[in-house]
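So, in structure tokens, the structure goes:
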């Protein structure tokens, strides 16, 4: 049984939690750019947290299925249609054979997730299904999905259609929090201060590997070459051009540029989800604060998933309609990490 | 080798532990390239692999520092630092078996793009280039850049050669390269600015293999010249699923 991609958006890949354990051999973990959104999508479909789903950037594409399934779209506000029916994100819905699922453009977010009940059953490579595009590993032949691709699905078990409680208020205009270093000593104090006192923005040069930022010059008095050492997602490398590069899920495992600071784990999905051109500030925090922020975000996500509730059988029941956010509003992915049930 | 203490001034003061965000630290042994320092990095990695702490995710040895990734929802950064300091001062470094790979190389064929030019630039016979390259002992300092790509130290100074100003678009897997002071075995097909003098049927990376990666940081390598016919024979055996290389244990 399979899911067919009738038309694929340009950045449609199979992703799961990623492939840790291979960095020492040159392969970064990959996995979802917004892991919380992937987890929510799987939970809405009754899947294990380790199930594989589809990740897209910008807009989703069109799909059909050979067997009846439940699906959910998460990551942000976007147009979801089955036939003429307009459907909500952060809920699971039915898709029957013969119907066409269309997923349009995201609003106010960048990375979306489409989970289907049972999960995608492409072969595991090195312990995971995540696509590592740069090295052609995992997913479907290690590549972006194309029109006409057919994705094998695991059998699913029957389950209710679920709805996630609304996310907590956004922290969209809050700074992206960073820890200084590990090579902050390559930069003098006035340059380090610039990191917090001036605006940065996300340029269109962004993918699953890294995002190039626009902003003030960040010259390194210690030079822009280090003896290559290990890198992690969130690290902000500053090459000789002075334009910082934030490493993302599919980053190289080692690098030769000084890393002025590193985005905290709790804020990485929010940075990933910012639309291109978004202006933002960085703010330095302590490691204790970063750890507290992560615990809070993880707890909020756990609580939101624990509060998934079956949808009423009659979707036109008035209390259901009242509870829907029919106005739309800008969805903020940070809320997904930080928000609890409201 | 494994018990040799770090010898540089920077390392003598002891490694420093730098946070790399909230889910990794970099244990920095110094700021230079040195085999003893690299050995200390790898010894700490081996210690962590043998006895991982709760929340340990993975360790990545590089020239002079060890990246230690952990799950901050399981263990805090300051707890990780305390554990690492204990292990660094514990002094009970287990003797780490060292592996030697003898890599068969055909110095010629389509991948030997630079062999003759290099000999000309160095004012040597091609045979001298081959003798220098296959006469040296190499050390895998680290794996990075691409899956299974080994940065090799030990190249004869007479063969040090700058990279090309404009990288070539497609270099095959198995191409034997020289980049600055380093040597390499290309692990995946792709662009490269390194200079190439031959090719091996050995694959440093094969995702379909039970052990996808051949080399690890700290391994020793030697290159053994073989003929075009031997290379073709080994490639055929490799394609038939045969294991064409195994590592020897070094004392």
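Protein chains in written order, with our numbering: chain A, 1 to 342; chain B, 1001 to 1251. Backbone N, C-alpha and C define an ideal beta-carbon position, used for all residues, glycine too.
Which word fits residue i, buried or exposed, when buried means at least 16 other C-beta atoms lie within 10 angstroms of its C-beta?
i	result
residue 1039 of chain B	buried
residue 155 of chain A	exposed
residue 1166 of chain B	exposed
residue 1239 of chain B	exposed
residue 1188 of chain B	buried
residue 1011 of chain B	In this prediction, residue 1011 of chain B has a pLDDT of 42, which is less than 50 and means its spatial position is unreliable; what the coordinates show is noted afterwards. Under this definition residue 1011 of chain B is a buried residue.
residue 49 of chain A	exposed
residue 1191 of chain B	exposed
residue 307 of chain A	exposed
residue 1237 of chain B	exposed
residue 177 of chain A	buried
residue 290 of chain A	buried
Please tell me whether residue i and residue j are closer than 7 Å, where the distance is taken between their beta carbons.
i	j	result
residue 139 of chain A	residue 13 of chain A	yes
residue 20 of chain A	residue 32 of chain A	no
residue 128 of chain A	residue 41 of chain A	no
residue 235 of chain A	residue 254 of chain A	no
residue 244 of chain A	residue 257 of chain A	no
residue 181 of chain A	residue 200 of chain A	no
residue 1104 of chain B	residue 1200 of chain B	yes
residue 1205 of chain B	residue 1144 of chain B	no
residue 276 of chain A	residue 204 of chain A	yes
residue 151 of chain A	residue 117 of chain A	no
Within 6 Å: the Cβ of residue i and any heavy atom of the ligand GTP?
i	result
residue 286 of chain A	Looking at this structure, you won't find the ligand GTP or any other ligand, since it has none at all.
Look at the alpha carbon of residue i and the alpha carbon of residue j, and state the distance between them as a whole number of angstroms.
i	j	result
residue 1182 of chain B	residue 1134 of chain B	14 Å
residue 332 of chain A	residue 76 of chain A	Because the pLDDT of residue 332 of chain A is 40, which lies under 50, any placement of that residue in the model is unreliable, and the number read from its coordinates should be weighed accordingly. Going by the C-alpha atoms only, they are around 7 Å apart.
residue 229 of chain A	residue 1055 of chain B	22 Å
residue 132 of chain A	residue 1125 of chain B	43 Å
residue 1142 of chain B	residue 1216 of chain B	7 Å
residue 1097 of chain B	residue 1066 of chain B	19 Å
residue 334 of chain A	residue 1072 of chain B	Note that residue 334 of chain A scores a pLDDT of 39, beneath 50, so its modelled location is shaky; the value from the coordinates is reported in the next line. Approximately 19 Å, taken between the alpha carbons.
residue 95 of chain A	residue 145 of chain A	20 Å
residue 1178 of chain B	residue 169 of chain A	55 Å
residue 280 of chain A	residue 172 of chain A	9 Å
residue 1224 of chain B	residue 1136 of chain B	10 Å
residue 120 of chain A	residue 9 of chain A	18 Å
residue 1088 of chain B	residue 1037 of chain B	13 Å
residue 247 of chain A	residue 1122 of chain B	40 Å
residue 11 of chain A	residue 1160 of chain B	41 Å
residue 1079 of chain B	residue 285 of chain A	18 Å
residue 250 of chain A	residue 208 of chain A	6 Å
residue 1034 of chain B	residue 1221 of chain B	17 Å
residue 149 of chain A	residue 1139 of chain B	44 Å
residue 1115 of chain B	residue 1063 of chain B	28 Å
residue 206 of chain A	residue 278 of chain A	13 Å
residue 1162 of chain B	residue 164 of chain A	57 Å
residue 1249 of chain B	residue 1175 of chain B	25 Å
residue 18 of chain A	residue 130 of chain A	6 Å
residue 312 of chain A	residue 1082 of chain B	52 Å
Starting from the beta carbon of residue i, find every residue of chain B whose beta carbon is closer than 7 Å, and list them in chain order.
i	result
residue 25 of chain A	1143, 1147, 1148, 1213
residue 72 of chain A	By Cβ distance, chain B contributes nothing, its closest Cβ being about 24 Å from residue 72 of chain A, past 7 Å.
residue 298 of chain A	1073
List, in chain order, every chain A residue whose beta-carbon is nearer than 8 Å to that of residue i.
i	result
residue 1238 of chain B	Result: empty, since nearest Cβ-Cβ is about 19 Å, beyond 8 Å.
residue 1033 of chain B	227
Starting from residue i, find everything on chain B with Cβ-Cβ shorter than 8 Å and list it in chain order.
i	result
residue 235 of chain A	1020, 1021
residue 291 of chain A	1022, 1072, 1076, 1077
residue 232 of chain A	1020, 1021, 1023, 1024, 1067, 1069
residue 343 of chain A	As displayed, chain A neither begins before 1 nor continues past 342, which places residue 343 of chain A out of reach and without an answer.
For a contact defined as C-beta to C-beta under 9 Å, what are the partners of residue i on chain B?
i	result
residue 218 of chain A	Ordered by position in chain B, no residue passes the 9 Å Cβ test against residue 218 of chain A, which lies about 18 Å from the chain.
residue 294 of chain A	1022, 1023, 1072, 1073
residue 252 of chain A	1144, 1145, 1146
residue 21 of chain A	1057, 1058
Residues of chain A with CB closer than 7 Å to the CB of residue i, please, in chain order.
i	result
residue 1192 of chain B	Ordered by position in chain A, no residue passes the 7 Å Cβ test against residue 1192 of chain B, which lies about 15 Å from the chain.
Looking at chain D, is there any beta carbon in it that lies within less than 7 Å of the beta carbon of residue i?
i	result
residue 260 of chain A	Looking at the structure shown, chain D is missing, and the protein chains on hand are A and B.
Residues of the stretch 109 to 139 of chain A whose Cβ lies closer than 7 Å to any Cβ of chain B, in chain order: 125, 126, 135, 137
The stretch 1055 to 1068 of chain B: positions lying closer than 8 Å to chain A by Cβ: 1057, 1058, 1059, 1060, 1061, 1062, 1063, 1064, 1065, 1066, 1067
Members of the stretch 1129 to 1151 of chain B that neighbour chain A once the beta carbon cut-off is set at 7 Å: 1142, 1143, 1144, 1145, 1146, 1147, 1148, 1149
Positions along the stretch 177 to 199 of chain A whose CB lies within less than 7 Å of some CB in chain B: 179, 181, 182
Against chain B: residues of the stretch 265 to 289 of chain A by CB proximity under 7 Å: 265, 287
Residues of the stretch 1178 to 1206 of chain B with Cβ closer than 9 Å to any Cβ of chain A, in chain order: 1187, 1188, 1205
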